[in-house]
Amino acid sequence: MTTIDFEGSAPEVPETAWVAPNATLIGAVTLAEEASVFYGAVLRGDMDSISIGPRSNIQDGCVVHTDAGFPTVVGSGVSVGHRAVLHGCTIEDDSLIGMGAVVLNGAVVGAGSLVAAGAVVTEGMQIPPGSLVAGVPARVRKALDEEGSTALRENARVYLGLAAKHRAANAAAAVEPR
Numbered sequence: 025m026t027t028i029d030f031e032g033s034a035p036e037v038p039e040t041a042w043v044a045p046n047a048t049l050i051g052a053v054t055l056a057e058e059a060s061v062f063y064g065a066v067l068r069g070d071m072d073s074i075s076i077g078p079r080s081n082i083q084d085g086c087v088v089h090t091d092a093g094f095p096t097v098v099g100s101g102v103s104v105g106h107r108a109v110l111h112g113c114t115i116e117d118d119s120l121i122g123m124g125a126v127v128l129n130g131a132v133v134g135a136g137s138l139v140a141a142g143a144v145v146t147e148g149m150q151i152p153p154g155s156l157v158a159g160v161p162a163r164v165r166k167a168l169d170e171e172g173s174t175a176l177r178e179n180a181r182v183y184l185g186l187a188a189k190h191r192a193a194n195a196a197a198a199v200e201p202r
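Sequential numbering of the sequence shown, starting at 25, is according to the numbering used here.
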């Protein structure tokens, strides 16, 4: 992993978190216990802070950024799909942000919500807990049922296991001659 201090702020990564070797953390970025950041992701806390909660995963190619006055806060058990962009927003616990989705400044994704792949959550949008959101611009389509809510939690659990496997694979690659 690449970590870069920026204007006196340094990324904080606990021992139990996993960050891919080619992911980049810059400035005021804090990962909680068992958080994971996958390959090619960039978390740039240069204008405000970024915090990633326990057991949350930031998948391949994601960009997480901020604006002054708009930190990015990701709760616990959150999955952020491949190539998603989080910018100055709040993602509450047990939510899933679909692949290629964009969540903009001041938006709040309520706990247990699903933002569909490719959706654009506009600035300041407040998504109620337990919602399915889709479209450009994103709109609440329906409330998730218990099966949908369970699937979101399961996705985060699967990625927790994947992070452990990737940690082991990367450790082995670092010591084995090729």
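Glycine included, every Cβ here is placed at the ideal spot set by N, Cα and C.
Inter-residue Cα distance where the pair is V109 and G51: By one-based count along the sequence shown, residue 109 stands at place 85. By one-based count along the sequence shown, residue 51 stands at place 27. One C-alpha to the other measures close to 18 Å.
Buried versus exposed call for G69 [16 or more other C-beta atoms within 10 Å across all chains shown]: Sequence index remark: in the sequence shown, residue 69 carries index 45 (1-based). Burial call: buried.
Three-state secondary structure (DSSP) of T174: Here residue 174 refers to the residue found at position 150 when the sequence shown is read from its first residue. In this structure, T174 counts as helix in the three-state DSSP scheme.
Proximal residues to W42 (C-beta, below 7 Å), its chain only, five neighbours per side dropped: What you label residue 42 is simply residue 18 of the sequence shown in a count that begins at 1. Closer than 7 Å at Cβ, skipping near neighbours: S60, A187, H190, R191.
6 Å CB neighbourhood of I82 in its chain, flanking five on each side removed: For this step, residue 82 is matched to residue 58 along the sequence shown. Hits under 6 Å: V61, A65, V104.
DSSP three-state assignment for A187, whether helix, strand or coil: As a working mapping, residue 187 is identified with position 163 in the sequence shown. Three-state result, A187: helix.
Cβ separation of S173 and G154, assumed to be a contact under 8 Å, to the nearest whole Å: Along the sequence shown, one-based indexing puts residue 173 at 149. Along the sequence shown, one-based indexing puts residue 154 at 130. Indeed they touch by this definition, with Cβ atoms about 7 Å apart.
Contiguous beta strand (DSSP E) assignments of at least 3 residues, all confined to the stretch 79 to 131: 87 to 89, 96 to 98, 109 to 111
Length of the line joining the Cα atoms of G32 and A92: Translated into the one-based positions of the sequence shown, residue 32 becomes position 8. Translated into the one-based positions of the sequence shown, residue 92 becomes position 68. About 16 Å.
Residues near M25 by beta carbon distance below 7 Å, same chain, minus five either side: Taking the first residue of the sequence shown as position 1, residue 25 is located at position 1. Taken in chain order, the residues that qualify are V43, A44, P45, A47, L49.
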